[in-house]
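What follows is a single structure, written as structure tokens, with notes after it.
There are 2 protein chains.
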Amino acid sequence: MSEGRMTQGNMGESLLFLTDEQLRQGIEAMFFAYRGFTADPDRILADLAYGRAHHRAIHFINRAPGTTVNNLLAILGVTKQSLNRVLRTLIADGLVESRVGTSDKRERHLYLTDAGRALESQLSDAQRARMRAAYRDAGPEAVAGFKQVLEAMMDNDMRRAYVRLRDGS
Amino acid sequence: MSEGRMTQGNMGESLLFLTDEQLRQGIEAMFFAYRGFTADPDRILADLAYGRAHHRAIHFINRAPGTTVNNLLAILGVTKQSLNRVLRTLIADGLVESRVGTSDKRERHLYLTDAGRALESQLSDAQRARMRAAYRDAGPEAVAGFKQVLEAMMDNDMRRAYVRLRDGS
DNA sequence: TTGGAATGTCAACAAGGCTGACATATGCTG
DNA sequence: CAGCATATGTCAGCCTTGTTGACATTCCAA
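Those protein sequences? They're chains A and B, same order as listed. According to my numbering, the first sequence is numbered sequentially starting from 34. According to my numbering, the second sequence is numbered sequentially starting from 34.
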């Protein structure tokens, strides 16, 4: 992008990379890749009477222990009724613990129990294994590009949430 | 992260790019980006009493006009009952046409009508606009990496379907 | 002619979204 | 202190989109 003048190969690429055909390929790549992305955890969850929604909650509670319900709602982008249904089962099953806030007692702070952390590991190990294989196949430069494009694709709110998590809230 | 003496920004990256932390970032990037990826079509579809399932069917029928139901089932990865419910409404609403096969009359070949193509355009224009913006922000080299990683993340079956579509079935 | 493939359809069910309404605690502000 | 706002939980009902199982029809191919 910032090299001087273009070689012909380079220029062709630059001129073509915004064609509808290229964009369509990216769209289909996202579609098919997302299926692979969720496939392994989904298989594990199916045996446990849990679904993708439980996985997401567990992931982000593990990521930011002590996070509040409101926080989680903002990250997950669902209604509190929808999240609550999921949290209720996770708490009932002893995977998540909900503690009343100390400074503000209206808030509930969420933590994984040991059992919750065990499931989280199992799920994220599976998902990371696929990610690791993909990263290895593609190489570090491809990975940098991958993240750049994904980040540019996010809504502003989500990009902020992503960066906050990434850089340590 | 990228300062420094060593060409080692590079070497650090190479050594670190398979850490769990890097993998987790990729996982979260996929999660947040996929939300953005589907957001614009979802908004359009909400007004039309259609959902993401209709969008997917319309997309792949447009992509491969005359495709059979079985073909579509393999690509979408859902049951025929689930797909059929979607196709029935699209056919009833005059967006999709189903023609009995000529060589094999058991097969149904699916085509978009003019109205179907109009909706397809509306949906994919919205999705492409976001993709285009992301591509432009990230640049052609990032885009190449993006596609490489996504392709490596797919299940084998899906990768085959993706490549077949990409290279012109 | 017969088996199997491709398709369509019915019924029932579940997950996980949604809205709307309402209850309870708690914090904050005038 | 009164009253409003905030954070959370919960009930009820609805929708989409996935699932399984069963069954009918049509038609190709051995």
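The beta-carbon is built from N, C-alpha and C at its ideal position, and this holds for glycine as well.
At a cut-off of 8 Å between beta-carbon atoms, Tyr67(A) makes contact with chain B. In the pairwise beta carbon analysis, the region 181 to 194 of chain A is classified as touching the region 58 to 70 of chain B: at least three pairs are separated by under 8 Å. Taken in chain order, the unbroken stretches of beta strand (DSSP E) that lie wholly in the region 132 to 195 of chain B and span 3 residues or more are 141 to 145. Around the beta carbon of Gln155(B), a 10 Å sphere encloses fewer than 16 other beta carbons of the protein chains shown; the residue is thus reported as exposed.
Val129(B) is bridged by DSSP to Leu145(B). For Thr100(A), the secondary structure class from DSSP, reduced to helix, strand or coil, is strand. Annotated as proximal: Ala148(B) and Leu128(B), with beta-carbon spacing under 8 Å. Note that the region 107 to 114 of chain A does not touch the region 165 to 175 of chain A; fewer than 3 beta-carbon pairs, one per stretch, sit closer than 8 Å. At the C-beta level, Ile91(B) and Glu130(B) stay beyond 8 Å of one another. C-alpha of Thr100(A) to C-alpha of Arg76(B): approximately 29 Å in a straight line.
The Cβ atoms of Leu81(B) and Phe93(B) do not sit closer than 8 Å to each other. Here Arg89(A) is buried, its C-beta having at least 16 other C-beta atoms within 10 Å. At least one beta carbon of chain A lies nearer than 8 Å to the beta carbon of Gln181(B). In the three-state DSSP reduction, Leu109(B) falls in the helix class (H, G or I).
Distance from the CA atom of Val102(B) to the CA atom of Leu123(B), rounded to whole angstroms, is 13 Å. When Val182(A), Leu109(A), Arg121(A) are compared, the shortest CA-CA separation from Tyr83(A) is found for Arg121(A).
Contact annotation, Gly178(B) with Gly178(A): C-beta distance approximately 3 Å; criterion of less than 8 Å satisfied.
Around the beta carbon of Gly69(A), 16 or more other beta carbons sit within 10 angstroms, so the residue counts as buried.
Taking 8 Å as the CB threshold, Asp75(B) stays off the interface with chain A. With distances taken between CA atoms, Met186(B) lies nearest to Arg161(A) out of Asn95(A), Arg161(A), Asp53(A). In this chain, the alpha helix (DSSP H) harbouring Ala62(B) covers 53 to 79. By the CB criterion at 8 Å, Leu78(A) and Met164(B) fall outside the cutoff. Below the 9 Å Cβ cutoff, chain A contributes no neighbours of Asp200(B), its closest Cβ being approximately 10 Å away. Judged by beta-carbon spacing, Val182(B) lies beyond the 8 Å limit of Val133(A), meaning their Cβ atoms are not closer than that value.
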